[in-house]
Every structure is written in C-alpha cells, then in structure tokens.
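**Student:**
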Amino acid sequence: MPGRIGAGRILRFYRRKSLPKEFKAAASLILDEEKEWRRIMAQDSENVLTVYLDVKSPHAYLAVRPSLMVARDYRVKLDVKPYTLDYVAIGVSKRVDSDMRRRPANAAADRKARMYYAAARQYAALQGLPFRSPHRLLDSTAVHKACLFAEQQEQAVPFLMRVYLQGWGSGWRDYEVESLDQLRLTLKEAEVSLTNFDKFMAPDGMGDVGLAACNAAAESTGATGVPHYVFDDPATGRTLGLFGREHLAFIREKFHVAGLARCPDVEPAFSHAWRGPMVVQT
2 MPGRIGAGRI
12 LRFYRRKSLP
22 KEFKAAASLI
32 LDEEKEWRRI
42 MAQDSENVLT
52 VYLDVKSPHA
62 YLAVRPSLMV
72 ARDYRVKLDV
82 KPYTLDYVAI
92 GVSKRVDSDM
102 RRRPANAAAD
112 RKARMYYAAA
122 RQYAALQGLP
132 FRSPHRLLDS
142 TAVHKACLFA
152 EQQEQAVPFL
162 MRVYLQGWGS
172 GWRDYEVESL
182 DQLRLTLKEA
192 EVSLTNFDKF
202 MAPDGMGDVG
212 LAACNAAAES
222 TGATGVPHYV
232 FDDPATGRTL
242 GLFGREHLAF
252 IREKFHVAGL
262 ARCPDVEPAF
272 SHAWRGPMVV
282 QT
C-alpha cells in the first residue's frame, strides 16, 4: 500500500487556475478523507459488496462515500467496478453524435434529464461535494479502463474520487475524461504506477477485456443503472442486485442481522440525505 499522501501532488490538484475558490475548498475537505478511504479499502473479508459505477452518472458520484461507510461499519469488502451506461437507453439523449451534445427526444425527456441533474446537485450540496451540471455528454470508456488499471494497485477509489471531484465539480469543463494524458495525471496523483498503462489501455487490450467482463457481470445481476449493488444475502445465500443508493439502509440491515457489525455501536439505519464527513478512524 502507498505511504503518506504527497503534499506536492495534492497541491497540483488545487493550483489549477480555472478552478473557483469554492471548488478548491470543497475538494480539499473531501480529499482530507483519503487516508480513511485507503484504510477501508485495504480491509479484507469473505463477505463482498460490489458496487458498479459510471463516471458520467452524478448519482454514482454521490454513492462512493456512502458505499464506503458500509465497509467501514461492517465486516464486508467493498469491490468497486465500472459499468458503462448508454445515454440513449436511460433516456438522457435520443442519440450520441460526435459533438457530444445532449439531444432529448422531446420536451418531457428534456425536463426529466434536467430534474435528474438538479436532484443530484441538491444531494451533492448535502455531502459538501462540488457539482455543476455537465455541458456535454461524456464517453466514459477510457476512464473506466483506467479505473480497472488503478484497481490492480488497490487505488480505484482515490483515482475515481479525483476524477469525480474535478469532473463534476466543473461540469466537465476542466476535465477531459476521454484524454489519456489527463487520466495519466490523475493516476499519478492517486499514487498509481503507470508501468504497462499504455498496453493496458490499447484497443482490444486488457482494459477492454476487463470492462466488457464488468458490464456483462453487472447485467447478469439485473443492472439497469448506477450505482448498482450486488451481494450475497447472508441469510439465504441468494445473490441480490439492487439499483440506487437508497438501498444502502436495506443492505446494512442485511449485514447487521447477520452479526457483521465491526463495533457494538454500529446502527444499520442510514439516511439517503447523508451529509458526511467520513471521520478518520485510528
């Protein structure tokens, strides 16, 4: 596991002149939790909660830290995987053209998409997460492959949270999610070694193979959106697939009844309007 988080690396994140002061302050507070993210993700358990996320979904952004809270409170290993949504299938745009502009099918679809982002903005404010509505559609293929590369070094969460903070914090105006150069920089900031990165990201390389496997695995458990949670019910052994972070209280209840709480004072109840922060445990 990496050692202490380098101060110079974090400062590079904040020195970008295009970022407003309020964004930098919010991002700084969130990144103060990074030591705790790493501690939680380093824990092992025979019980696994898999969460599938798509970088282009604001509701996946909102789910990362509440999902980590499950593994913090229960003897569960959190497994973070990418899943690539289809804008057309979820009704955000009737097609995806080369200019990456959103094209709603009709006025009702446009209103639904705007409400989707407006709701995310309100919940992001509760968590203290910087958020702006996106100015264009995104192709998340490359960043999802980079996430799998980071996962090989147990750095998926530090990498993803940097992408999320910079991307959603600016409405994807200051972060080129399709740029390999941008992704290399973020991987370095998350202390990921770039050895064999280009080979991993090459067409038909291990990144493509891994991403296809993640998409297939998510869909085999009924994925219709993100965050998509998958776990084995401790009571029945049956695999459950659930869409949406509103199910976190139910998931926690399942683990609680099974006696998996890490501490006696852990409670299964968990608010959909959770505010954070994640207090670092020693």
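Position 179 (the sequence shown) corresponds to 180 in my numbering; numbering is contiguous. Using N, Cα and C, we set each Cβ at its ideal position, and we do this for glycine too.
#1: Spatial neighbours of A157 within its chain, please: C-beta separation below 6 Å, excluding the five flanking residues on both sides.
#2: To test your reading of the DSSP string, which unbroken beta strand (DSSP E) runs of 3 or more residues are found completely within the region 105 to 131?
#3: Please give the ranges of any alpha helix (DSSP H) in the region 182 to 228, keeping only runs that are unbroken, at least 4 residues long and fully inside the region.
#4: When you compare only the Cα positions, how much space is there between F24 and R239?
#5: Please check the pair K146 and D205, which I expect to be a contact at CB under 8 Å, by giving their CB distance rounded to whole angstroms.
#6: How many Å lie between G242 and R102 at the Cα?
#7: Along the chain, where does the beta strand (DSSP E) containing T240 start, and where does it finish?
#8: Closest by CA to A259, which one among S272, D233 and E247?
#9: Tell me P83's beta-bridge partners as DSSP assigns them.
#10: Looking only at C-alpha atoms, which of L69, L181 and Y53 sits nearest to A203?
#11: My output table needs one value for Y62: the three-state DSSP class, helix, strand or coil.
#12: State the Cα-Cα distance for the pair A43 and E190, rounded to the nearest angstrom.
#13: Give the DSSP-derived three-state secondary structure of F271 in the structure shown.
#14: Do F160 and T187 have their C-beta atoms within less than 8 Å of each other?
#15: Measure the Cβ-Cβ separation of A214 and Y75 and say whether it is below 8 Å.
#16: If you follow the alpha helix (DSSP H) that G168 is in, where does it begin and where does it stop?
#17: For the candidate residues V71, D33 and E155, whose alpha-carbon lies nearest to that of C264?
#18: From the DSSP output, which residues share a beta bridge with V71?
#19: Residue range of the alpha helix (DSSP H) that T142 falls in?
**Tutor:** According to the structure data:
#1: Locating residue 157 in the sequence shown gives position 156, where the first residue counts as 1. Here the set comprises V81, C148 and A151.
#2: none
#3: 198 to 202 and 207 to 221
#4: For the purposes of this step, residue 24 is identified with residue 23 of the sequence shown, where counting begins at 1. For the purposes of this step, residue 239 is identified with residue 238 of the sequence shown, where counting begins at 1. When rounded, the distance between both Cα atoms is 43 Å.
#5: Counting from one through the sequence shown, the residue named residue 146 turns up at place 145. Counting from one through the sequence shown, the residue named residue 205 turns up at place 204. Wrong, their Cβ atoms sit about 12 Å apart, outside the cutoff.
#6: Numbered from its first residue, the sequence shown carries residue 242 at position 241. Numbered from its first residue, the sequence shown carries residue 102 at position 101. Going by the C-alpha atoms only, they are around 32 Å apart.
#7: In the sequence shown, residue 240 corresponds to position 239, counting from 1. Note, T240: beta strand (DSSP E), T240 to F244.
#8: To locate residue 259, count along the sequence shown from 1; it is residue 258. Checking every option, the nearest Cα to that of A259 belongs to D233.
#9: In the sequence shown, the residue the question calls residue 83 occupies position 82. L54, per the DSSP bridge assignment.
#10: Here the question's residue 203 lines up with position 202 in the sequence shown. If we check each option's Cα against that of A203, L181 comes out closest.
#11: Looking up residue 62 in the sequence shown gives position 61. In this structure, Y62 counts as helix in the three-state DSSP scheme.
#12: On the sequence shown, residue 43 is found 42 positions in, with the first residue counted as 1. On the sequence shown, residue 190 is found 189 positions in, with the first residue counted as 1. Using only the alpha carbons, I get a separation of about 19 Å.
#13: Translated into the one-based positions of the sequence shown, residue 271 becomes position 270. The answer is coil: DSSP assigns F271 none of H, G, I, E or B.
#14: As a working mapping, residue 160 is identified with position 159 in the sequence shown. As a working mapping, residue 187 is identified with position 186 in the sequence shown. Cβ atoms of F160 and T187: closer than 8 Å.
#15: For the purposes of this step, residue 214 is taken as the residue at position 213 of the sequence shown. For the purposes of this step, residue 75 is taken as the residue at position 74 of the sequence shown. No, Cβ-Cβ distance for A214 and Y75 is not below 8 Å.
#16: Indexing the sequence shown from 1 puts residue 168 at position 167. From DSSP, the alpha helix (DSSP H) with G168 extends over A157 to G170.
#17: For the purposes of this step, residue 264 is taken as the residue at position 263 of the sequence shown. It is V71 whose Cα lies nearest to the Cα of C264.
#18: Counting from one through the sequence shown, the residue named residue 71 turns up at place 70. Answer is none; V71 lacks a bridge partner.
#19: Position 141 of the sequence shown holds residue 142. Here the alpha helix (DSSP H) through T142 covers T142 to E152.
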